[in-house]
Amino acid sequence: MNTDFELLKSEPFILFLTIGAYYIGTQIQKRVHNPLVNPLLIALLIIIPTLLALDIDYPTYEKGSHAISLLLSPTVVALGFALHKQIKHLKGNVTRVLLAITAGSIVGVLSVVAVCMILGTPEILMVSMEPKSVTMPIALGITERTGGLAPLTAITVFVCGIFGNIVGPWFMKLIGIKSPIAQGLALGAASHGVGTARAMQLGQLQGAVAGMAIGLMGIWTAVVVPIVQAVLK
């Protein structure tokens with residue numbers, strides 16, 4: 002019995018659970034054809050109850066899924082290669098791209114501050130949610146520096162990514178944003194990696210620009226957050 006239980010906590014089982022849950026999510030999305038049916042969200046609805054039922058804590062799951070995390074580095078390289086292939090489309094748009102990212106980082110942080118101040122949210126919760134629009138490693142680094150709560154930051158970043166992935170393309174279509182560069186910037190800047198995955202489904206140029214937006218957004222947000230904190234104090 003103990004041997005079977007240890008097997009359920011092993012890396013092969015956790016990898017099988019993670020990949021299998023995401024695969025089920027992609028198959029459901031193909032059948033339903035609805036952006037609200039997101040594979041990542043479906044995977045979570047499968048993985049979390051399974052972990053709770055088997056009493057597998059997060060450190061064990063993180064260790065077991067380490068092989069998937071290792072694939073993030075090659076993915077970043079792939080995004081850089083995609084950007085290199087599409088770089089000709091950005092010539093003449095560099096200034097506008099930088100202005101858009103700068104505005105996006107400022108609005109991303111100030112929107113959290115404004116809502117939290119209106120609702121009277123405690124400061125520690127506010128600083129935990131400020132880096133909501135940047136990729137997870139950078140967001141957690143910012144939170145650690147500002148004294149926020151890392152778990153809350155992680156949840157906020159994930160929810161922001163899923164929301165942008167689902168709602169972003171629909172909203173851009175609603176307000177008439179047709180430029181591939183603008184679409185990529187919006188998804189990458191607002192919803193980091195999850196938004197970039199959606200941008201790649203829209204087109205190669207959108208995906209390449211979104212990948213670039215992730216890095217620029219992270220840099221600018223790391224600069225903006227301390228400035229905002231200094232002003233508020």
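Sequential numbering from 2 applies to the sequence shown in my numbering. Ideal placement from N, C-alpha and C gives every residue a C-beta, glycine not left out. Model, not experiment: these values are computed from the prediction.
{"Item": "CB contact flag (G109, T222, <8 Å)", "Value": "yes"}
{"Item": "Own chain partners of I15 with C-beta closer than 7 Å, once the 5 adjacent residues on each side are dropped", "Value": "Y62, G65 and S66"}
{"Item": "Contacts around T27, its chain only, beta-carbon distance under 8 Å, and the 5 residues preceding and following it disregarded", "Value": "P40"}
{"Item": "Extent of the continuous alpha helix (DSSP H) to which N166 belongs", "Value": "A151 to L175"}
{"Item": "DSSP state of H34 mapped onto helix, strand, coil", "Value": "coil"}
{"Item": "8 Å Cβ cutoff met for I48 and A22", "Value": "yes"}
{"Item": "Reference G204; option with closest CA among P123, L80 and E12", "Value": "L80"}
{"Item": "V224 versus I176: straight-line alpha-carbon distance, rounded", "Value": "30 Å"}
{"Item": "G185 vs Q207 beta-carbon contact at 8 Å", "Value": "yes"}
{"Item": "Reference I57, options E12, I107, V210 and G165, closest by Cα", "Value": "E12"}
{"Item": "Distance between beta carbons of A83 and A231, contact taken as under 8 Å", "Value": "37 Å between Cβ atoms; not a contact."}
{"Item": "Distance between I43 and Y24 (C-alpha atoms, nearest Å)", "Value": "10 Å"}
{"Item": "Between the CA atoms of A191 and P60 - distance to the nearest angstrom", "Value": "28 Å"}
{"Item": "C-beta atoms of L111 and L153 nearer than 8 Å", "Value": "no"}
{"Item": "Residue closest to T136, alpha-carbon to alpha-carbon, out of M118, S129 and A155", "Value": "A155"}
{"Item": "Sequence-distant residues of the same chain with beta carbon closer than 6 Å to L217, five excluded per side", "Value": "I102"}
{"Item": "3 or more residues per run - each beta strand (DSSP E) lying fully within the segment 199–226", "Value": "none"}
{"Item": "6 Å CB neighbourhood of M130 in its chain, flanking five on each side removed", "Value": "V113 and T157"}
{"Item": "For T27, the three-state DSSP class (helix, strand or coil)", "Value": "helix"}
{"Item": "Residue environment, M2, which counts as buried when at least 16 other CB atoms sit within 10 Å", "Value": "The predicted position of M2 is uncertain, since its pLDDT is 45 and thus under 50; no value can be drawn from it."}
{"Item": "Minimum C-alpha distance to F164 - residue among K10, L150, G189 and P138", "Value": "G189"}
{"Item": "Continuous alpha helix (DSSP H) assignments of at least 4 residues falling wholly in the segment 95–135", "Value": "95–120 and 124–130"}
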